[in-house]
Amino acid sequence: MKIYMHINYFETHYHLEEAFDLAREIGFDGIEVRDRDRSGAMPLEDYLALTRRLVEESGLGITYGCRVDTTHPDAAVREQSLAHFIRVIEFAGELGVTTLNAFTGPLYLKGGRHSECGSALATQEHYDEAARMFRQAASVAAKYGITLCLETHNG
1081 MKIYMHINYF
1091 ETHYHLEEAF
1101 DLAREIGFDG
1111 IEVRDRDRSG
1121 AMPLEDYLAL
1131 TRRLVEESGL
1141 GITYGCRVDT
1151 THPDAAVREQ
1161 SLAHFIRVIE
1171 FAGELGVTTL
1181 NAFTGPLYLK
1191 GGRHSECGSA
1201 LATQEHYDEA
1211 ARMFRQAASV
1221 AAKYGITLCL
1231 ETHNG
């Protein structure tokens, strides 16, 4: 059994390099990082190269938490999101990652309570599009032996 640290709450106070150091110091076996630079300033390939370097230097395992915007009203944005996800899958496969966490884009009702958002707003079209996009991604993941896990709390 291996235990990984989720990066989410460490990003506010630590640089990525420091989070890897902290995970190793605490005794985690690996770390789950985002599929992109949180600030949005770093190009994807640079970010992926940084994570590769940190894995090699730290000896920790890694997985990625991937946001796949299946709910955006613009089909071009959804396809760009899918292409990003597939690139992360391919990169993760090259690193030997066997499991990736992914979640769909959010659905919010302005001023709505949490229980009125997400699945409460989802239409059949949202479900169909998410299924289509994840099937396409899964066909790529299968080539690398990667299991995709769908995280349901954000969408």
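For the sequence shown, the tail end lands on 1235 under this note's numbering, and the numbers increase by one without skipping. All residues carry an ideal CB built from backbone N, CA and C; glycine is no exception.
May I have the straight-line CA-CA distance separating Thr1203 from Gly1192, to the nearest angstrom?
17 Å
Using DSSP with H/G/I as helix, E/B as strand and the rest coil, what is Phe1183?
DSSP, read as helix, strand or coil, puts Phe1183 in strand.
As assigned by DSSP and simplified to three states, the class of His1086
strand
How far does the alpha helix (DSSP H) with Glu1128 in it extend, from its first residue to its last?
One point to set straight first is that residue 1128 is Leu, not Glu, in the sequence displayed. Leu1124 to Ser1138 is the extent of the alpha helix (DSSP H) around Leu1128.
Can you give me the start and stop residues for the alpha helix (DSSP H) that Val1220 sits inside?
Gln1204 to Tyr1224
Buried or exposed for Lys1207, please, with buried defined as at least 16 other CB atoms from any protein chain shown within 10 angstroms of its CB.
One point to set straight first is that residue 1207 is Tyr, not Lys, in the sequence displayed. Per the 10 Å Cβ criterion, exposed.
How about Asn1181 and Glu1091: are their beta carbons less than 8 Å apart?
no
Is DSSP giving Val1168 helix, strand or coil here?
Helix.
Go to Arg1147, then tell me how far its beta strand (DSSP E) extends in each direction, as first and last residue.
Gly1141 to Val1148
Rounded to whole angstroms, how far is the Cβ of Phe1165 from the Cβ of Cys1146, which I believe are closer than 8 Å?
5 Å
Which listed residue (Ser1161, Ile1106 and Glu1098) has its alpha carbon closest to that of Leu1134
When each option's Cα is compared against that of Leu1134, the closest is Glu1098.
Looking at the structure shown, is Val1113 part of a helix, part of a strand, or coil, going by DSSP?
strand
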